[in-house]
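Comments concern the structure below.
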Amino acid sequence: MIAQVDDALCRLLRPCLPAGTQIRLDPPKPTWQTESQVRSVELFLFALRDAVGAEEEREGKRAARRCALSYLVTARAGAVREEHDLLDAALNAVLSAESPLRVELGATDPAQLWTSLGMPARAGFVLLVTADIG
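Printed below as a string of structure tokens:
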């Protein structure tokens, strides 16, 4: 299921990003600051949790099993303005597209993620994708 969500997000983003922009699924790492600035949008899967609906639980219905996947979405480019443009394109792509994925902005504060990774904060947002299991 994770690989299918990764692939679906990449397919959703690719046509909305400038030609030559890479989409990466790698975790953030300190060497980002010293690597050459390849234009990219980064999708880091950092959390998974059960996503059974509260209404279904209350009513005792047998619901399809669902999982919520949390992604930190960031961008890298030669200039901050270009990174912001890439983030804007990614945000518009995931929130406005017709897609079989259930996608919304996550409540997790990206600044806390950067701190827990031991890295300086960068612009980004958290994307919450809910997918059926099985």
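To convert, take the position in the sequence shown, counting from 1, and add 886; that gives the numbering used here.
Even glycine gets a Cβ: it sits at the ideal position worked out from N, Cα and C.
Quantities reported herein were computed from a predicted structural model and do not represent experimental measurements.
Rounded to whole angstroms, the Cβ separation of A976 and V1012 is 12 Å, and the two are not in contact under 8 Å. Only exposed fits R935, as fewer than 16 other CB atoms lie within 10 angstroms of its CB. As computed with DSSP, I909 is found in a beta bridge with V927.
Excluding the 5 residues flanking it on each side, T1016 has same chain C-beta neighbours closer than 6 Å at A937, R952, A954, R988, in chain order. As computed with DSSP, T960 is found in a beta bridge with E928, G1010. Taking C-beta atoms as the reference points, R925 and E984 fail to come closer than 8 Å. DSSP places V989 inside the beta strand (DSSP E), whose first and last residues are 988–991. Short of 8 Å from the beta carbon of D912, and not among the five residues preceding or following it, lie these beta carbons of its own chain, in chain order: E928, F930. Counting along the chain, V980 sits inside the alpha helix (DSSP H) bounded by residues 966–982. Minimum Cα-Cα distance from P1006 among the listed residues L1014, I1019, P914 corresponds to P914. DSSP places D892 in the uninterrupted alpha helix (DSSP H) bounded by 888–899.
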